[in-house]
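Everything in the sequence shown is counted per the working numbering, starting at 7 for the first residue and increasing by one. Just so you know, even glycine gets a beta-carbon here, dropped at the ideal spot from N, CA and C. Bear in mind the structure is a predicted one, so any value in this text is a computation, not a measurement. A short worksheet on the structure shown next.
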Amino acid sequence: MTAYWTTNAESLIVERLGGAAVRLEGGGRPNRMADTLSRKKRSWLMGRVRASNTLPERLVERFLRRHGIRFRRHDRRLPGTPDIIILERQIVIFVNGCFWHGHTRCNLSRLPSTRRTFWAEKIQTNKRRDRRVRRALQRMGWKVVTVWGCRVRNTADLSRVLSRFLTVRESRRPH
Ligand SMILES: [Zn+2]
């Protein structure tokens, strides 16, 4: 069995947690991880990766703070536990890893060459859940913004993506 990790940030987390047992290959594409972990440890790691703040997520948060936009994180009271909730603007932001959430026409979401059916079904399930969650939130009056991992490699990218949804003033603070 092989696990794939979509972003370097996720890889780093796994690397840190798995220590020497996990060997990772670099690059921006899905990484192949040698299957040296027990099933139990793997599922624990998967949980950690989901729960941890990814690099794109941290970039989004930094962007919002810099522009003085107040937000909450991972609010379990809302469908799908959105990554970021901007209450005063009724906006929720999902920062999606391209692989797990099946980003369309994205290199990072390319399926592994082995166990394709397994991964395809898994990703389809995730996509269906994402759609369900999005509709539920919209019915509740939230504006739902999806930020894809591949689009936010740096702060400049992020400004471009988020300024389409958020009116921001330039901050007077240097950072
Ligand atoms: Zn992508």
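In the three-state DSSP reduction, valine 151 falls in the strand class (E or B). Its Cα nearest to that of glutamine 96, the residue Met146 stands out among Ala162, Arg159, Met146, Val153. Annotation for threonine 87: His80, Asp81 place their beta carbon closer than 7 Å to its own, counting only its chain and skipping 5 residues before and after. Here the segment 110-118 lies against the segment 152-160, with 3 or more beta-carbon pairs under 8 Å apart.
In the three-state reduction of the DSSP assignment, arginine 145 falls in the helix class.
Arginine 72 is not a Cβ neighbour of isoleucine 90, given a cutoff of 9 Å. Around the C-beta of glutamate 63, 16 or more other C-beta atoms lie within 10 Å, and the residue is accordingly described as buried. Annotation for asparagine 132 indicates a beta carbon at 8 Å or more from all heavy atoms of ligand 1.
Taking 8 Å as the cut-off, the C-beta of histidine 73 does not count as close to any heavy atom of ligand 1. Within the chosen limit of 8 Å, ligand 1 reaches the beta carbon of leucine 114 through at least one heavy atom. When only Cα atoms are considered, phenylalanine 69 and phenylalanine 100 end up about 15 Å apart. Assignment of beta-bridge partners to valine 98 by DSSP yields Ile91, Val150. A Cβ-Cβ contact shorter than 9 Å links valine 98 with leucine 84.
Closest by C-alpha distance to lysine 133, out of Trp106, Leu168, Ala162, Val151, is Trp106.
Taking 9 Å as the cut-off, the beta carbon of leucine 143 is found no closer than this to the beta carbon of isoleucine 92. Look at tryptophan 106: its beta carbon is at least 8 Å from all of the heavy atoms in ligand 1. Taking non-hydrogen atoms of ligand 1 into account, the C-beta of tryptophan 148 is found less than 8 Å away from none of them.
Here arginine 134 carries a helix assignment [DSSP, helix/strand/coil]. The shortest CA-to-CA distance from glutamate 94 to any of Thr110, Gly74, Thr60 is the one to Gly74.
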